[in-house]
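S.K.: Please see the structure below; I have some questions.
In this note's numbering, the protein residues as written are 45 to 685.
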């Protein structure tokens, strides 16, 4: 590709003219790769989710307005040479909006809508910036080098200062102590997957640079592998193995394009077979006896007895049932967590298993919430990316582009595996970086057709419409972040038993755009609890009813709502709420005790005893035995009459 060709193409296609210093490119990619992962706030319930959405939203909105409206860059023109992926992206956005019409709680769809808008705009802007010049090869790998280095410093600091000095191997909540390492993310698994997503560009930098820079890239890559190993995140381990396997397979298939001899192909194949055989040997033969050892972690990936595997499969079964019931429209974005509890009783889930607000499978999640059109378009983004990348490998004469295509194929392959067992779809940095991958894949493909016929400039009216649309994620993310700040303050007051302060903080929680917190607790619950603890049962009932409206299957809300009815001597109504709670969680202790007490007052002794007997005997205390004896006496007396 010559300078003359690039210049001639950009003249008519609305692409950027070559710049001495590509300030726009550096600013855009530098912010999204280096700055965005650093956004963190201890004031919010989830320290990164809403703050990062706000940071990404406001940046993309400002950048879009300046870039398209003030600098007059016609960003949509680049899609004219790759119309299919633009239509796929448009259908995905439309499915996200359409599914929100069928939600139980409309406000819970706003997060996904906001995230999807940012995701789409990132792809559009990234593709146009990439198409304007070749400076990305110099800057983007370095940005990932800086970003990953910072993440590793934070992660290793946590490991050496928090994990290693800890004598116990488990935290108080039963999780392995390595969960203390979450880097710049809210969870160690998300931290591990973000490190994985940095590898394609880090490896590209390793291949493209020389001397000191190559050494730096090499050191960081080794440290990434080491940290991923220490984190013991099985989904990322499996994703990494698949990525390496697919990359090796592509090298064998396209050996001519990469100048690989038959002898090297043979050794690659031997290495692949040896790795598979070694894995099978570890799974079937070796027994370390240590649950936390790497060997046992690998074996647990395919273990039918592993508790997480059992629970995950049960949750997937529930999700598949949701898909069968709503295959076209879906449940609506953000509403999986509201509907899933209706099926919990089928597997007798426990209270401590209800901390998932997604099925830990992005594909089932998208299908369940956005229906068939959302699912097909989501898969379509990956299919088109793979098509573009394989086309680049087959047709390009640019070795750097061919190498980048190979690494992105490995990256996408690993990401798909991770998405099958985790939820990177929820996370802002993951989705922004995925958008950059898709844009880069499309750009590489576009370079194969650099001498396309001239195209017309895109409409400035469309740019204005997008600018207006981008206001929504900014407002939503700000409001949702503010919501979490006051939820944290309300919870702190609750822990101090300061009910007046709790009520004051709860009354300040904004609910215009969201009414559930990061843990899916309806925010009206906090006002209800504050009124309950100050003896204002009527007001407490009112707010618990509002909370129940926003999240109909939250057992804590149902139980407390039943208690308020009980305190107000509305026993029949109380019984209904307790019954709804135990219908979702058959062994929910608080509601079993409460419904037994309610039935006792209603003189329904058989039902009272039935619910009492559903409480495991190892949880009985003296009052339960006394009640059981009394109920049996009353039942006997009643039978004699």
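Glycine included, every Cβ here is placed at the ideal spot set by N, Cα and C.
Keep in mind the model is a prediction, meaning the values are calculated, not measured.
Can you tell me which residues form a DSSP beta bridge with residue 708?
M.R.: Residue 708 is absent from the structure shown; the chain starts at 45 and stops at 685.
S.K.: Please name the residue in 446, 441, 425, 423 whose C-alpha comes closest to that of residue 434.
M.R.: As a first step, residue 434 must be located in the chain shown, where it is residue number 390. Closest option to residue 434, Cα to Cα, is 446.
S.K.: To which residues of the same chain is residue 20 closer than 6 Å at the C-beta, ignoring the five residues directly before and after it?
M.R.: Here the chain covers residues 45 to 685 and nothing more, so residue 20 does not appear.
S.K.: Our contact map puts residue 430 next to residue 456 with C-beta atoms below 8 Å; I'd like the distance itself, whole angstroms only.
M.R.: By one-based count along the chain shown, residue 430 stands at place 386. By one-based count along the chain shown, residue 456 stands at place 412. Confirmed, Cβ separation roughly 6 Å.
S.K.: Tell me where the alpha helix (DSSP H) around residue 589 begins and ends.
M.R.: One-based indexing of the chain shown puts residue 589 at position 545. Looking at the DSSP string, the run of the alpha helix (DSSP H) that includes residue 589 is 581 to 594.
S.K.: For residue 226 and residue 235, I'd like the C-alpha separation in whole angstroms.
M.R.: On the chain shown, residue 226 is found 182 positions in, with the first residue counted as 1. On the chain shown, residue 235 is found 191 positions in, with the first residue counted as 1. Taking the straight line from one Cα to the other gives about 6 Å.
S.K.: Do residue 245 and residue 272 come within 7 Å of each other at the CB atom, strictly closer than that value?
M.R.: Counted from its first residue, the chain shown places residue 272 at position 228. Counted from its first residue, the chain shown places residue 245 at position 201. No, they are not a contact pair.
S.K.: Cα-Cα, which of 252, 241, 370, 277 is closest to residue 144?
M.R.: In the chain shown, the residue the question calls residue 144 occupies position 100. Cα-wise, what sits closest to residue 144 is 370.
S.K.: Mind pulling the beta strand (DSSP E) runs of 3 or more residues that sit fully within the stretch 455 to 491?
M.R.: Here no run is fully enclosed.
S.K.: Within this structure, are the beta carbons of residue 568 and residue 590 separated by less than 7 Å?
M.R.: Sequence index remark: in the chain shown, residue 568 carries index 524 (1-based). Sequence index remark: in the chain shown, residue 590 carries index 546 (1-based). Taking 7 Å as the Cβ cut-off, residue 568 and residue 590 qualify as a contacting pair.
S.K.: Give, in chain order, every unbroken run of the alpha helix (DSSP H) that is at least 4 residues long and sits entirely within the stretch 210 to 264.
M.R.: Whole alpha helix (DSSP H) segments, 4+ residues: 232 to 252.
S.K.: Since residue 287 and residue 454 should fall inside the 8 Å C-beta cutoff, what is the C-beta to C-beta distance between them, to a whole number of angstroms?
M.R.: To locate residue 287, count along the chain shown from 1; it is residue 243. To locate residue 454, count along the chain shown from 1; it is residue 410. 4 Å between Cβ atoms; contact.
S.K.: My output table needs one value for residue 681: the three-state DSSP class, helix, strand or coil.
M.R.: Along the chain shown, read from residue 1 onward, the residue named residue 681 stands at position 637. Residue state, collapsed to three classes: helix.
S.K.: Alpha carbon to alpha carbon, how far is residue 213 from residue 667? Give it in angstroms, no decimals.
M.R.: For the purposes of this step, residue 667 is taken as the residue at position 623 of the chain shown. For the purposes of this step, residue 213 is taken as the residue at position 169 of the chain shown. The alpha-carbon atoms of residue 667 and residue 213 are separated by roughly 37 Å.
S.K.: If we require 4 or more residues per run, which alpha helix (DSSP H) segments fall completely within the stretch 66 to 153?
M.R.: You should have 67 to 74, 93 to 108, 127 to 143.
S.K.: Would a C-beta distance cut-off of 7 Å place residue 376 and residue 146 closer than the cut-off?
M.R.: Here residue 376 corresponds to residue number 332 of the chain shown, with the count starting at 1. Here residue 146 corresponds to residue number 102 of the chain shown, with the count starting at 1. Their beta carbons are under 7 Å apart, which means residue 376 touches residue 146 by this criterion.
S.K.: Count the other C-beta atoms from every protein chain shown that fall within 10 angstroms of the C-beta of residue 406, then say buried if there are 16 or more, exposed otherwise.
M.R.: As a first step, residue 406 is located in the chain shown; it is residue number 362 there, counting from the start. Looking at its Cβ environment, which holds 16 or more other Cβ atoms inside 10 Å, residue 406 is buried.
S.K.: Since residue 409 and residue 469 should fall inside the 8 Å C-beta cutoff, what is the C-beta to C-beta distance between them, to a whole number of angstroms?
M.R.: The residue you call residue 409 lines up with position 365 of the chain shown. The residue you call residue 469 lines up with position 425 of the chain shown. Contact holds; Cβ gap of about 6 Å.
S.K.: Judging by CA-CA distance, which residue of 385, 356, 349 is the nearest neighbour of residue 366?
M.R.: Against the chain shown, residue 366 aligns to sequence position 322. Per the Cα distances, 385.
S.K.: When you compare the stretch 541 to 551 with the stretch 123 to 142, are there three or more beta-carbon pairs, one atom per stretch, that lie closer than 8 Å?
M.R.: With the cut-off at 8 Å, the stretch 541 to 551 and the stretch 123 to 142 do not touch.
S.K.: Put residue 49 into one of helix, strand or coil per three-state DSSP.
M.R.: In the chain shown, residue 49 corresponds to position 5, counting from 1. Only weak support exists for where residue 49 lies, its pLDDT of 38 falling under 50; the value from the coordinates is given anyway. Helix at residue 49.
S.K.: With 16 other CB atoms within 10 Å as the buried threshold, where does residue 574 fall?
M.R.: In the chain shown, the residue the question calls residue 574 occupies position 530. Looking at its Cβ environment, which holds 16 or more other Cβ atoms inside 10 Å, residue 574 is buried.
S.K.: For residue 628, verify whether its CB is less than 6 Å away from any heavy atom of the ligand PLP.
M.R.: You won't find the ligand PLP in this model; it holds no ligand whatsoever.
S.K.: Between the C-alpha atoms of residue 318 and residue 285, what's the straight-line distance to the nearest angstrom?
M.R.: On the chain shown, position 274 is the one that residue 318 refers to. On the chain shown, position 241 is the one that residue 285 refers to. Taking the straight line joining both Cα atoms gives about 13 Å.
S.K.: Determine the DSSP secondary structure at residue 428, reduced to helix, strand or coil.
M.R.: Residue 428 sits at position 384 when you count from the first residue of the chain shown. Of the three classes helix, strand and coil, the one that applies to residue 428 here is helix, per DSSP.
S.K.: Which same chain residues end up closer than 6 Å to residue 51 when comparing Cβ atoms and leaving out the 5 residues on each side of it in sequence?
M.R.: Within the chain shown, numbered from 1, the residue matching residue 51 stands at position 7. With a pLDDT of only 36 at residue 51, under 50, the local geometry of the prediction cannot be trusted, and no value is derived from it.
S.K.: Quick check: what's the CA-CA separation for residue 228 versus residue 617?
M.R.: Translated into the one-based positions of the chain shown, residue 228 becomes position 184. Translated into the one-based positions of the chain shown, residue 617 becomes position 573. The alpha-carbon atoms of residue 228 and residue 617 are separated by roughly 47 Å.
S.K.: Is it right to say residue 588 is buried, meaning 16 or more other beta carbons lie within 10 angstroms of its own, or is it exposed?
M.R.: Here residue 588 is taken as the residue at index 544 of the chain shown, counted from 1. Answer is buried; the Cβ neighbour count reaches 16.
S.K.: Assuming residue 547 is part of the alpha helix (DSSP H), what are its boundary residues?
M.R.: Counted from its first residue, the chain shown places residue 547 at position 503. Its alpha helix (DSSP H) spans residues 543 to 551.
S.K.: In this structure, how does DSSP classify residue 616 when only helix, strand and coil are distinguished?
M.R.: Walking along the chain shown from the start, residue 616 turns up at place 572. Of the three classes helix, strand and coil, the one that applies to residue 616 here is helix, per DSSP.
S.K.: Do you know whose CA, among 301, 393, 675, 349, lies nearest residue 362's CA?
M.R.: In the chain shown, the residue the question calls residue 362 occupies position 318. Ranking 301, 393, 675, 349 by Cα distance to residue 362 puts 393 first.
S.K.: Go ahead and label residue 418 buried or exposed: buried means 16 or more other beta carbons lie within 10 angstroms of its beta carbon, across all protein chains shown.
M.R.: One-based indexing of the chain shown puts residue 418 at position 374. Residue 418 should be labelled buried.
S.K.: Which residues in the same chain as residue 166 place their Cβ atom closer than 6 Å to its Cβ, once the five residues preceding and following it in sequence are excluded?
M.R.: Locating residue 166 in the chain shown gives position 122, counting from the first residue. Cβ neighbours of residue 166 beyond the five flanking positions: 476, 479.
S.K.: Do residue 230 and residue 91 have their beta-carbon atoms positioned less than 7 Å apart in this structure?
M.R.: Walking along the chain shown from the start, residue 91 turns up at place 47. Walking along the chain shown from the start, residue 230 turns up at place 186. Yes, they are a contact pair.
S.K.: Is it a yes or a no for the stretch 503 to 523 touching the stretch 202 to 209, going by three-plus beta-carbon pairs under 8 Å?
M.R.: No, the stretch 503 to 523 does not touch the stretch 202 to 209.
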